[in-house]
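**Student:** In the UniProt record's numbering, the protein residues as written are 4 to 759.
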Amino acid sequence: EQTHKSLKNIDSHGHVRGESIYVDDIAVQQGTLYGAVYDAPVAHGHLKHINVRKAKALPGVVAVFTAADVPGENQIGGIIPDEPLFADKEVHFWGQPIAFVVAQTEDIAREAAQLIEAEITPLPVITDPREAKEKGELIAPPRTFVLGDTATAWQACPHVYSGQASTNGQEHLYIETQGAYACPAENGNIKIHSSTQGPTAVQKTAARVLGLPMHAIEVDVTRLGGGFGGKEDQATPWAVMVALAVYHLKRPVKYILHRMDDMRMTGKRNPYTSDFKIGLDANLKIIAYEATFYQNAGAAADLSPAVLERTLFHCTNSYYVPNVTATAYSCRTNLPPNTAFRGFGGPQGMFVIEAAIAKAAQALGVPAADIQQKNLLQAGDSFPYGQKAENPEAVSSWSAATRKYALDHIAQQTNAFNAVNAHYKKGYALMPICFGISFTKTLMNQARALVHIYHDGSVGVSTGAVEMGQGVNTKMLQVAAQVFSIANERIKLETTNTTRVANTSPSAASATADLNGKALEIACRKLLERLKVVAAEELAIANVTDVTINNGWVHAKGQKTELDWNTLVLQAFLKRVSLSEVGHYATPRIHFDQSKEKGHPFAYHVYGTAITEVTVDCIRGTYEFDAVKIVHDFGASMNTIVDKGQIEGGLVQGIGWMTLEELEYNKQGKLLSNALSTYKVPDIYSVPKDIQVEFLAAEGSNLAIFKSKAVGEPPLMYGIGAYFAILNAVRAFNPQVTPAFDAPFTPEKVLTALYE
Ligand code: LUZ
Ligand code: MOS
Numbered sequence: 004e005q006t007h008k009s010l011k012n013i014d015s016h017g018h019v020r021g022e023s024i025y026v027d028d029i030a031v032q033q034g035t036l037y038g039a040v041y042d043a044p045v046a047h048g049h050l051k052h053i054n055v056r057k058a059k060a061l062p063g064v065v066a067v068f069t070a071a072d073v074p075g076e077n078q079i080g081g082i083i084p085d086e087p088l089f090a091d092k093e094v095h096f097w098g099q100p101i102a103f104v105v106a107q108t109e110d111i112a113r114e115a116a117q118l119i120e121a122e123i124t125p126l127p128v129i130t131d132p133r134e135a136k137e138k139g140e141l142i143a144p145p146r147t148f149v150l151g152d153t154a155t156a157w158q159a160c161p162h163v164y165s166g167q168a169s170t171n172g173q174e175h176l177y178i179e180t181q182g183a184y185a186c187p188a189e190n191g192n193i194k195i196h197s198s199t200q201g202p203t204a205v206q207k208t209a210a211r212v213l214g215l216p217m218h219a220i221e222v223d224v225t226r227l228g229g230g231f232g233g234k235e236d237q238a239t240p241w242a243v244m245v246a247l248a249v250y251h252l253k254r255p256v257k258y259i260l261h262r263m264d265d266m267r268m269t270g271k272r273n274p275y276t277s278d279f280k281i282g283l284d285a286n287l288k289i290i291a292y293e294a295t296f297y298q299n300a301g302a303a304a305d306l307s308p309a310v311l312e313r314t315l316f317h318c319t320n321s322y323y324v325p326n327v328t329a330t331a332y333s334c335r336t337n338l339p340p341n342t343a344f345r346g347f348g349g350p351q352g353m354f355v356i357e358a359a360i361a362k363a364a365q366a367l368g369v370p371a372a373d374i375q376q377k378n379l380l381q382a383g384d385s386f387p388y389g390q391k392a393e394n395p396e397a398v399s400s401w402s403a404a405t406r407k408y409a410l411d412h413i414a415q416q417t418n419a420f421n422a423v424n425a426h427y428k429k430g431y432a433l434m435p436i437c438f439g440i441s442f443t444k445t446l447m448n449q450a451r452a453l454v455h456i457y458h459d460g461s462v463g464v465s466t467g468a469v470e471m472g473q474g475v476n477t478k479m480l481q482v483a484a485q486v487f488s489i490a491n492e493r494i495k496l497e498t499t500n501t502t503r504v505a506n507t508s509p510s511a512a513s514a515t516a517d518l519n520g521k522a523l524e525i526a527c528r529k530l531l532e533r534l535k536v537v538a539a540e541e542l543a544i545a546n547v548t549d550v551t552i553n554n555g556w557v558h559a560k561g562q563k564t565e566l567d568w569n570t571l572v573l574q575a576f577l578k579r580v581s582l583s584e585v586g587h588y589a590t591p592r593i594h595f596d597q598s599k600e601k602g603h604p605f606a607y608h609v610y611g612t613a614i615t616e617v618t619v620d621c622i623r624g625t626y627e628f629d630a631v632k633i634v635h636d637f638g639a640s641m642n643t644i645v646d647k648g649q650i651e652g653g654l655v656q657g658i659g660w661m662t663l664e665e666l667e668y669n670k671q672g673k674l675l676s677n678a679l680s681t682y683k684v685p686d687i688y689s690v691p692k693d694i695q696v697e698f699l700a701a702e703g704s705n706l707a708i709f710k711s712k713a714v715g716e717p718p719l720m721y722g723i724g725a726y727f728a729i730l731n732a733v734r735a736f737n738p739q740v741t742p743a744f745d746a747p748f749t750p751e752k753v754l755t756a757l758y759e
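(1) Within the 8 Å Cβ cut-off, does THR203 reach chain D?
(2) Quick check: the Cα distance between HIS16 and MET263, rounded to an integer number of angstroms?
(3) Let me know if SER9 comes out buried or exposed under the rule of 16 or more other beta-carbons within 10 Å of its beta-carbon.
(4) Thinking just about the alpha-carbon of each residue, which of PRO62, LEU36 and ILE436 is nearest to the one in PRO718?
(5) Quick check on GLN562: does DSSP put it in helix, strand or coil?
(6) Can you tell me which of the three DSSP states ASP620 falls into?
(7) For LEU380, which residues of its own chain have a beta-carbon under 6 Å away from its beta-carbon, when the five flanking residues on both sides are left out?
(8) For the ligand LUZ, any of its heavy atoms closer than 7 Å to the Cβ of MET479?
(9) For the beta strand (DSSP E) that contains ASN553, what are its first and last residues?
(10) I'd like the span of the alpha helix (DSSP H) that includes SER307, first residue to last.
(11) For TYR721 and ILE633, which I take to be in contact (beta-carbon distance under 8 Å), what is that distance rounded to the nearest angstrom?
(12) Starting from the C-beta of GLU114, find all residues in its chain whose C-beta is less than 7 Å away, skip the five residues before and the five after it, and write them out in chain order.
(13) Taking ASN491 as the reference, which of SER508, GLY460 and THR498 has the closest Cα?
(14) Does the beta-carbon of residue 838, which I'm using as the reference point, lie nearer than 7 Å to any heavy atom of the ligand LUZ?
(15) What does the shell around the ligand LUZ hold, if a residue joins when its beta-carbon is under 5 Å from any heavy atom?
(16) Which class does ASN388 belong to by DSSP, given the choice of helix, strand or coil?
(17) Residue 838 by DSSP, collapsed to three states: which one?
(18) By alpha-carbon positions, which one of ASP411, VAL310 and GLN167 ends up nearest to SER277?
(19) On a Cα-Cα basis, can you pick out the residue from LEU315, ARG226, PHE748 and ALA116 that is closest to LEU150?
(20) On the criterion of 16 or more Cβ atoms from any shown chain inside 10 Å, does HIS47 qualify as buried, or is it exposed?
(21) Should HIS49 go down as buried or exposed, given a rule of 16 or more other Cβ atoms within 10 Å for buried?
(22) Given this structure, state the Cα-to-Cα distance separating ALA285 from PHE736, to the nearest angstrom.
(23) Looking at C-alpha atoms only, which residue of THR405, ARG133, GLN365 and ASP42 is the closest neighbour of MET266?
(24) Quick check on this structure: which residue in THR130, ILE658 and VAL609 has the alpha carbon closest to the alpha carbon of residue 3?
(25) Are the beta-carbon atoms belonging to GLY672 and THR269 less than 8 Å from one another?
(26) Pick out the complete alpha helix (DSSP H) segments inside the region 632-703, 4 residues or longer, and give them in chain order.
(27) Considering only the alpha carbon of each residue, which of LYS683, ASP636 and SER169 lies closest to THR295?
(28) Out of CYS318, LEU367 and HIS594, point me to the one whose CA is closest to PHE347's CA.
(29) Run through DSSP, which three-state label would SER280 get?
(30) Have a look at the DSSP bridge pairing and note the partners of GLU120.
(31) Between which two residues does the alpha helix (DSSP H) harbouring GLN415 extend?
(32) Output yes or no for whether 8 Å exceeds the beta carbon distance between ALA309 and GLY38.
(33) Starting from PHE736, trace the beta strand (DSSP E) in both directions and tell me its first and last residue.
(34) Give the single residue among LEU566, THR239, ASN424 and GLY233 whose Cα lies nearest to the Cα of THR208.
(35) Output yes or no for whether 8 Å exceeds the beta carbon distance between GLU76 and ARG254.
As structure tokens, this is what we get:
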């Protein structure tokens, strides 16, 4: 058996040489025009009138489109139809698109957009989710997950603590900003190149807005320069705008957002504010947990109801709690609609129970790790949504991490350091994670692949997976190479295109390699079986099961023959055997009944444990992460390089969310942190000095591709440990501190806490 486990990301050469193609790199067709959006300069108001006269008069301007120019439905909402493409009658957030200018050049388009004037009568602005809830501004009815009975359980709890916790949003900051390029095709059809995680979402929405059947719209995606959830739903409006312009003008139209436009107009990770109550028995067992989550959805549903659901699914992290009542409100505010972001509500829920545990630990005078460890999930334990933990790696990853990284030694070193240093303090924290793999909407857990074997023996693979830097194409290549047992060089990954693979789910939920990989495996196995029949005929072997293909050669009952892959493929072609196949995969076993809030929504769970060590400068409030040491449950990793990269990237992104990245909107709903000068993301100097990733010895899951567990989102949640490591360092300096549990723990907040 060939091993591909250390295959480098197949895009790495193109990336470092600057040869990889993104939307803005596509060679433009003759006659291409450029777009720019005019967006709302207030967060809420009646839209009385739009004056586009001056913009249209600017030389080089070709057209200005508004809601009045939409031939189909002026609607881009997915889960709930509550979001127009262009504001009409009302504006609901600062940055909401009102008009789309199309001009000869990008500069002219942008200049013209600034000449548009909108008459807007201001309405009251809400930015706070608790205020929205008070005023009845809910996106959808609240959801409640219940396990056991918290009401009676409190009586059995000698220790009960309650409090609040909140997490701010997070800017996706994909390196490639949003953008799209659409071209007219024959007979009124339109082809869209889009930087989207959801080609079908773009296709469907363009068809809806233009009043065309889906087959009239072709969406093609080569790769994205990052998505992180920000292009699951929110790549759509720009793609639909250029398609609308093509519809009217019959000319190619391109629109790439500038960074500040992107930051202002797009939604981000949902901020949350939450209440918690936790009850423990004398042995530190968590007996009861209650949480109420207020999600800041922004001005429209977007994906927030699904994000909200995942907050509830992950509200107990990797712990077993027998009595749980968790309620979540999706609150409508006048911010840009918030959306998917790596973890999809899970991190927001997990932060709250970690805060509850930290609060209990401080009150009881025990390390939080003692409470964490005593409550880790065991096999057969039930999650609040009814699914039972199968092969949980919570205890095993915790034990492996504390053993391998010598937690006792870390504790000793930390105390010794703190005993002799007055102005620097060290802290550490453990962060176990548990993340469910599958789209929580069961129907989305399906995928398809299309495989062509060309008659020279080379292979072309199309799937619904979108490459966004996560290495999914590399994994798809490995699937085909391993099933056929041929060299990697024989296989090419095609672009993701709605005419080759239809009705795709977005590349999201960490499930892309599983879903598309399984579909691809099915297609390849069908072709392999067909080729084996041809080989048996060629070699006059009675029993097809005696034929295998190994490393590009046909073997008959373990005997190498003179027949190689290329010859076999050509023979099949000459015999008029089909060399093309599709595969369809739908995750088995999963289901969820929303009326009961119970079911088995996840194919499996991913586990792991991180130990985060930090040093805080107690004069300045600044901090440096000395180390983050992780034991992660990859199952049987099919590509250790790609997978390790995902852990490191996810960790750093999580640390950024917990420490540096501070979104700031003013009371009028204007984004103040609207550029990289005012919004700080982790850089090479702020990442931990030492990151260690150990692969947990684990089985994997049959529902993971080649038993290699999904790896995209789970590591982000290791970053939550950063908050609690800093808190522990602060407590070493100021034992009386009352933790605010309001992430990010910026140096300013650290300083305030140190001298509280
Ligand atoms: N997107 C989605 C997701 O539509 N459903 C999900 O469950 C999900 N989970 C994580 C990330 N994106
Ligand atoms: Mo195009 S927009 O080059 O099909």
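Positions of the beta carbon are idealized from the N, C-alpha and C atoms, including for glycine.
**Tutor:** Taking the definition as stated:
(1) Annotation note: the requested chain D is absent from the structure, which comprises a single protein chain.
(2) Your numbering for residue 16 matches position 13 in the sequence shown. Your numbering for residue 263 matches position 260 in the sequence shown. Going from the Cα of HIS16 to the Cα of MET263 covers about 30 Å.
(3) Taking the first residue of the sequence shown as position 1, residue 9 is located at position 6. Looking at its Cβ environment, which holds fewer than 16 other Cβ atoms inside 10 Å, SER9 is exposed.
(4) Here the question's residue 718 lines up with position 715 in the sequence shown. Considering only alpha carbons, the answer is ILE436.
(5) For the purposes of this step, residue 562 is taken as the residue at position 559 of the sequence shown. Strand, per DSSP.
(6) As a position in the sequence shown, residue 620 is number 617, starting the count at 1. Looking at ASP620 - three-state DSSP - the assignment turns out to be strand.
(7) In the sequence shown, the residue the question calls residue 380 occupies position 377. Within the same chain, LEU380 has close Cβ partners SER321, TYR323, ALA392, PRO395 and ALA397.
(8) On the sequence shown, position 476 is the one that residue 479 refers to. The answer is no for MET479.
(9) Counting from 1 along the sequence shown, the entry for residue 553 is found at position 550. From DSSP, the beta strand (DSSP E) with ASN553 extends over 550-553.
(10) Position 304 of the sequence shown, counted from the start, is the residue given in the question as residue 307. Segment 307-316, the alpha helix (DSSP H) holding SER307.
(11) In the sequence shown, residue 721 corresponds to position 718, counting from 1. In the sequence shown, residue 633 corresponds to position 630, counting from 1. Confirmed, Cβ separation roughly 6 Å.
(12) If you number the sequence shown from 1, residue 114 lands on position 111. Correct list, in chain order: LEU61.
(13) The residue given as residue 491 occupies position 488 in the sequence shown. Answer by Cα proximity: GLY460.
(14) This structure cannot settle anything about residue 838, because the visible part of the chain is limited to 4 through 759.
(15) ALA309, ALA343, PHE347, PHE442, THR443, ALA511 and ALA512
(16) Taking the first residue of the sequence shown as 1, we reach residue 388 at position 385. Correcting the residue identity first, residue 388 is Tyr in this sequence and not Asn. Coil at TYR388, not helix or strand.
(17) Coverage of the chain is limited to positions 4 through 759, which leaves residue 838 absent and any answer about it impossible.
(18) By one-based count along the sequence shown, residue 277 stands at place 274. Taking only the C-alpha atoms, the option nearest SER277 is GLN167.
(19) As a first step, residue 150 is located in the sequence shown; it is residue number 147 there, counting from the start. Among LEU315, ARG226, PHE748 and ALA116, the Cα nearest to that of LEU150 is on LEU315.
(20) Indexing the sequence shown from 1 puts residue 47 at position 44. Flag for HIS47 reads buried.
(21) For the purposes of this step, residue 49 is taken as residue 46 along the sequence shown, with counting starting at 1. Answer is exposed; the Cβ neighbour count stays below 16.
(22) Indexing the sequence shown from 1 puts residue 285 at position 282. Indexing the sequence shown from 1 puts residue 736 at position 733. The alpha-carbon atoms of ALA285 and PHE736 are separated by roughly 29 Å.
(23) One-based indexing of the sequence shown puts residue 266 at position 263. Closest option to MET266, Cα to Cα, is ASP42.
(24) With the chain covering 4 to 759 only, the question about residue 3 has no answer from this structure.
(25) The sequence position of residue 672 within the sequence shown is 669, counting from 1. The sequence position of residue 269 within the sequence shown is 266, counting from 1. No. Outside cutoff.
(26) 643-662
(27) Here residue 295 is taken as the residue at index 292 of the sequence shown, counted from 1. The residue with the shortest Cα to Cα distance from THR295 is SER169.
(28) The residue given as residue 347 occupies position 344 in the sequence shown. Closest by alpha carbon: CYS318.
(29) Taking the first residue of the sequence shown as position 1, residue 280 is located at position 277. Note that residue 280 corresponds to Lys in the displayed sequence, not to Ser. In this structure, LYS280 counts as strand in the three-state DSSP scheme.
(30) Residue 120 sits at position 117 when you count from the first residue of the sequence shown. ASN54.
(31) Within the sequence shown, numbered from 1, the residue matching residue 415 stands at position 412. Where GLN415 is concerned, the enclosing alpha helix (DSSP H) stretches over 410-423.
(32) On the sequence shown, position 306 is the one that residue 309 refers to. On the sequence shown, position 35 is the one that residue 38 refers to. Result no, Cβ atoms of ALA309 and GLY38 do not sit closer than 8 Å.
(33) The residue given as residue 736 occupies position 733 in the sequence shown. Per DSSP, PHE736 belongs to no beta strand (DSSP E); it is in the alpha helix (DSSP H), 723-736.
(34) In the sequence shown, the residue the question calls residue 208 occupies position 205. Comparing Cα-Cα distances from THR208 to each of LEU566, THR239, ASN424 and GLY233, the minimum goes to THR239.
(35) Taking the sequence shown and counting its residues from 1, the one referred to as residue 76 is at position 73. Taking the sequence shown and counting its residues from 1, the one referred to as residue 254 is at position 251. Contact flag unset, no.
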